Amino acid sequence: MQRRVDQYLAREILPPFLVAILAFLVFIGLELVISLSDTVFARGAGAAELFRLVVYKLPTLFTFAIPAAALLATFLALGRLSADRELLAFQALGYSLRRLTAPFLLFGALASGVSFSLGEFAVPAAEAAYRQELLALLYRGAVPQVQSAVFFRGLYGETYYVERSEGERLTGILVYDLTGRIYPAEGRFPTVITAQEGLFRGGTLELTTGRVLRFAPDGSLMELVRFDRLTVEAEEDLRRAVLGGKTPAEMSLRELGERIDLLRRSGLDPRSLVVEYHSKIAVSAAAFVFVLFGAPLGALLGRRGRAAGAIAGFLLAAAAQGLFVWARTLAQRGVIPAYLGAWLPHIGFGFLGLLLLGIADRLRLRGILSVVLLLAFTAAAAAGGPPFTSLQADELVVEDGATALVGYGVRAEFGTFALVAGVLRAREVERGWVVEAEQAILTLRDGTVEASYLEAQLDRAGDLTTVAARGFSGSSSFRGPEKDEQLLYRGERGEARFAAGVLTRVEAHDVRFTTCPCFPEAPYTVEAQEFVLVPEQWLYARSIVVSSFGVSLGWLPFYVARLGEEGFPLFPEIGWIEGQPFLRWAVPWTLGERVAMAVGLVWYPVAGRVDPSLRAVWENGSLTLTPTSVRLRVIGDGDGGPWTGTVSWTPTVQHADLSGTWHGWAWTVSWGEAQQGAIAYERAPELAVGRTERGWLGGDLAIRLSGGYYREGPTEGSRVSLSSSWSGRWEVGALAVSVPWQVSFAQYDAEERATWGFSPSLGWGSLTVSYLGRWGLGRSPFEFDIEPPQSQLVVALAVRIAAWQERLSWGWDFAAGAPLPLRWAVSGAGFTSDLSFTFPLAVTRARWTLRVDRGPAQLAVEAGLRGDTATWDDTVVRVRWSTEPLYATGAVRIATSPLAVARLAVGIEWSMDAAWSLAGAVEYDFPTGRLVQLEGSIQRTLAGCLRIAVSASLTGVRLSIEVPAFAQARVRFAPLDEGLRFGD
Numbered sequence: 006m007q008r009r010v011d012q013y014l015a016r017e018i019l020p021p022f023l024v025a026i027l028a029f030l031v032f033i034g035l036e037l038v039i040s041l042s043d044t045v046f047a048r049g050a051g052a053a054e055l056f057r058l059v060v061y062k063l064p065t066l067f068t069f070a071i072p073a074a075a076l077l078a079t080f081l082a083l084g085r086l087s088a089d090r091e092l093l094a095f096q097a098l099g100y101s102l103r104r105l106t107a108p109f110l111l112f113g114a115l116a117s118g119v120s121f122s123l124g125e126f127a128v129p130a131a132e133a134a135y136r137q138e139l140l141a142l143l144y145r146g147a148v149p150q151v152q153s154a155v156f157f158r159g160l161y162g163e164t165y166y167v168e169r170s171e172g173e174r175l176t177g178i179l180v181y182d183l184t185g186r187i188y189p190a191e192g193r194f195p196t197v198i199t200a201q202e203g204l205f206r207g208g209t210l211e212l213t214t215g216r217v218l219r220f221a222p223d224g225s226l227m228e229l230v231r232f233d234r235l236t237v238e239a240e241e242d243l244r245r246a247v248l249g250g251k252t253p254a255e256m257s258l259r260e261l262g263e264r265i266d267l268l269r270r271s272g273l274d275p276r277s278l279v280v281e282y283h284s285k286i287a288v289s290a291a292a293f294v295f296v297l298f299g300a301p302l303g304a305l306l307g308r309r310g311r312a313a314g315a316i317a318g319f320l321l322a323a324a325a326q327g328l329f330v331w332a333r334t335l336a337q338r339g340v341i342p343a344y345l346g347a348w349l350p351h352i353g354f355g356f357l358g359l360l361l362l363g364i365a366d367r368l369r370l371r372g373i374l375s376v377v378l379l380l381a382f383t384a385a386a387a388a389g390g391p392p393f394t395s396l397q398a399d400e401l402v403v404e405d406g407a408t409a410l411v412g413y414g415v416r417a418e419f420g421t422f423a424l425v426a427g428v429l430r431a432r433e434v435e436r437g438w439v440v441e442a443e444q445a446i447l448t449l450r451d452g453t454v455e456a457s458y459l460e461a462q463l464d465r466a467g468d469l470t471t472v473a474a475r476g477f478s479g480s481s482s483f484r485g486p487e488k489d490e491q492l493l494y495r496g497e498r499g500e501a502r503f504a505a506g507v508l509t510r511v512e513a514h515d516v517r518f519t520t521c522p523c524f525p526e527a528p529y530t531v532e533a534q535e536f537v538l539v540p541e542q543w544l545y546a547r548s549i550v551v552s553s554f555g556v557s558l559g560w561l562p563f564y565v566a567r568l569g570e571e572g573f574p575l576f577p578e579i580g581w582i583e584g585q586p587f588l589r590w591a592v593p594w595t596l597g598e599r600v601a602m603a604v605g606l607v608w609y610p611v612a613g614r615v616d617p618s619l620r621a622v623w624e625n626g627s628l629t630l631t632p633t634s635v636r637l638r639v640i641g642d643g644d645g646g647p648w649t650g651t652v653s654w655t656p657t658v659q660h661a662d663l664s665g666t667w668h669g670w671a672w673t674v675s676w677g678e679a680q681q682g683a684i685a686y687e688r689a690p691e692l693a694v695g696r697t698e699r700g701w702l703g704g705d706l707a708i709r710l711s712g713g714y715y716r717e718g719p720t721e722g723s724r725v726s727l728s729s730s731w732s733g734r735w736e737v738g739a740l741a742v743s744v745p746w747q748v749s750f751a752q753y754d755a756e757e758r759a760t761w762g763f764s765p766s767l768g769w770g771s772l773t774v775s776y777l778g779r780w781g782l783g784r785s786p787f788e789f790d791i792e793p794p795q796s797q798l799v800v801a802l803a804v805r806i807a808a809w810q811e812r813l814s815w816g817w818d819f820a821a822g823a824p825l826p827l828r829w830a831v832s833g834a835g836f837t838s839d840l841s842f843t844f845p846l847a848v849t850r851a852r853w854t855l856r857v858d859r860g861p862a863q864l865a866v867e868a869g870l871r872g873d874t875a876t877w878d879d880t881v882v883r884v885r886w887s888t889e890p891l892y893a894t895g896a897v898r899i900a901t902s903p904l905a906v907a908r909l910a911v912g913i914e915w916s917m918d919a920a921w922s923l924a925g926a927v928e929y930d931f932p933t934g935r936l937v938q939l940e941g942s943i944q945r946t947l948a949g950c951l952r953i954a955v956s957a958s959l960t961g962v963r964l965s966i967e968v969p970a971f972a973q974a975r976v977r978f979a980p981l982d983e984g985l986r987f988g989d
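Residue 6 is where the sequence shown starts when you use our numbering, and the numbers rise one by one after that.
Structure representation (structure tokens):
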């Protein structure tokens, strides 16, 4: 009975196999005919030659068609048996699916045997005939065999290099006779033989027109012998190593093995031939491996096996061929072992086949086995399939031809996202896939989202586009003004949008959010009816209630923050200043999601005064309004280039300008008005256009045209100016030459002025000679526009020794008819000095600075001398200690006439722990005997997300509460005496 069943199943697979092999042969043969047609007919050959080439190629085509036909026949046969309920009948009689696949596996083994026989006995001869026929058509006569740059080792240790070989003739021959077999050697240096040409004759290599070089034991040339003809013994193996022979496709396994052994003994790398050797065997074994994989899969597909099998057969064959080519390439490049390249696809398909055989009798696929089956099938078939790169489930049901699935206890990955869900449903739609998940956790690149229900939209490429959630909570990370922050949020319903795998926007309703580590007992939370988050950029909330430790503190209509930048406070500030109480609050406001505004109010209840202000920040600008100033800045990008506009107004200075670029031209429109003492200045307005051309005649050419109306005290009028300048530099060895020049012309209401300048310089190593010249005709009626004539010659010498630099310069002012000051500057190891001398030598000015850095400690000392008044400058000493948890600065100014301390400033910041910190500062002026500054503060930070501070100074006391993630700018203590400040 068992034999009859096996025979019946064998009869089921044979007809579809014959049909499939014919179909694949026609498919591959048509492609071959199309590729050869142009070559054959273009050289005057006919259909007979084309037919002969196709016949020669048929054995090779059979070896490729047999595995694919066996796989397709397996799918079709099992699909027919399943569709007619015959598989179910066999199972009812006690035959397992695993046993029913045995005849198919035997058939696969027989098909592999036929493929191996063809590859070993028919293919080599057919391929050789095909190559000779094709080359004869291409060359229309004898077929040349040309190789270039052949480098190999002889069988007795000698090394050969052949520049070119054509047939039996060699040219450009170099031989290193390491053993003295060809020509006796002296010492340890080899004999070198060169020849212009060589020719194989029987068992010898005949060299012509060459030289023999022998070397003494010390390496010197001992003997040079020229020859017209030299005969070297050459076995047939050497001849074959140089001239080659059959291609790998034309060799049997035995011949390939011999060639591999020859190359190894000759010192050549046989990697490519080893790959070919294993590829021949692997191609023959492909039929069995395909059936091993296809038989249990076809049985599991059931009634869909017939339709799906036809598609899967073609797709799996294409996928296997692609994997085969890819693995061979890796093996030939040395990425993987040579023997593994041909077998890597078989290992994968064989493992899956064995795995499927083990579960063939289970009605449902559970756990990780279902994952492997689903993903292996979809990846190998390259079909639409679920868009997950990884999928694990406690239980998984695939429906409707892999266009829908239901999973329980699921962990899925797609792109850069990971989804964990209690229940997951996925279905294919027109634009991609819809994934519904319950009790879900979605992990993003910089945060997570948890939801009781989640619906995700994925496009055809598997990229996440939108996520809608109910009963959700999530987190998003961003860089705050002081440290890395994490925003926690939870709400009733929301939607997230993605682009190229990156979260771009979150919209939600009825939301609570905070930057505290957790919601329970958070130092502060914010409830909002509407919430919009653009990660790392903007936070927008409408109709918010601010709470602290569960107690509601107040309501605000809007709150907008630019994440990572200075923000607006959520809480007011109260205090006492100059004898009266005050309350300061910047009430958030907005005109849209990306416009952050705050209406600032400072209320003095005793004086009955309110000082308002307004500050707005948006993507491309900012606006600040106070009772005494206006500042506006706007940037944009037009068709010709970017532009910037600014407006500033104070009681004493007002200005506005608009500047940008337009197709390489820089332009500016500006207006300004200022009052300095009794003199008023105004530009009303000025327009300027300029351009710089790089590399013009070896230098940079700049052109500028400007014009406007100006007022300077009682003088007013218009001015139009055109200027041009050029600068270039050339270096020849140690010589450097620079010849910049400038020309300008200005036209005023009643006057005009022309100026020109020439400032060449010549450098030779450490020596530089430069000239500064400027001359003019006419004059300007405005003081700000005066350009006095100049004519100065300066000689400078700069020397560098290790870390020290020294520069000495002196010159002559021809316009003043007097020498320029002699300057001597030295710097290095934290020390700098700058001295100026008059002529004859007398010190007019001297300055010294010393800076020492030792880990967290820094010391800086400055001193100087005024030679014209014979007085010493004040000496300033500054120290700083900067390391956690202490930051301290101190500075002292010491007067020298008489010697006494003039001013002292000390500041300290101490972080006692993660919650508490202290700060204090004092500045005292000794000549007047008064405190210039005195301030101190104590801060308490709750859970790293809410900071309460009390600070006091000479002018008052204040209490402030702020969120560090949205903190206002913090200003460290700085002495009023600018000379005592520690500059970085």
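Note that beta-carbon positions come from the ideal geometry of N, C-alpha and C, so glycine has one too. Computed from a prediction, not measured in an experiment: that's the story for all the values here.
Own chain residues within Cβ distance below 7 Å of residue i, not counting five before or after
i    : result
E418 : F393, T394 and S395
E900 : The sequence shown places Ala at residue 900, not Glu. So the list reads D879 and A907, once near-sequence residues are dropped.
F194 : F220 and G224
L23  : none
P64  : L123, A127, V128 and A131
Pair within 9 Å by beta-carbon distance, residue i and residue j
i    : j    : result
V296 : G113 : yes
G431 : A456 : This sequence places Ala at residue 431; Gly is not what is there. It is not a contact, given that the beta carbons lie outside the stated cut-off.
L83  : A25  : no
E443 : G427 : yes
L424 : V411 : no
F80  : L14  : no
S732 : R709 : no
T843 : A801 : no
Residues near residue i by beta carbon distance below 6 Å, same chain, minus five either side
i    : result
A347 : H283, S284 and A287
L891 : W915
V472 : A461 and A501
F329 : P350
A336 : V280, A343 and G346
E698 : L706
S796 : G778, F819 and A820
L981 : V937
T595 : F563, V565 and M602
Exposed unless 16 or more other CB atoms sit within 10 angstroms - verdict on residue i
i    : result
H668 : exposed
I198 : buried
W438 : buried
Q681 : exposed
Distance, residue j Cα to residue i Cα
i     : j    : result
E211  : L229 : 19 Å
Y1051 : A134 : Look at the range of the chain in this structure, 6 to 989, and you will see that residue 1051 is not part of it.
Q585  : V897 : 34 Å
G703  : G695 : 20 Å
E578  : W672 : 45 Å
P528  : Y545 : 21 Å
S841  : W829 : 7 Å
G646  : E811 : 45 Å
G860  : T854 : 20 Å
Can you find at least 3 beta carbon pairs, one from the stretch 784-801 and one from the stretch 719-730, that sit closer than 8 Å?
-> yes
Contact the stretch 33-47 vs the stretch 109-129: 3+ CB pairs below 8 Å = no
Inter-stretch contact (C-beta, 8 Å, three-pair minimum) for the stretch 762-774 and the stretch 738-745 | yes
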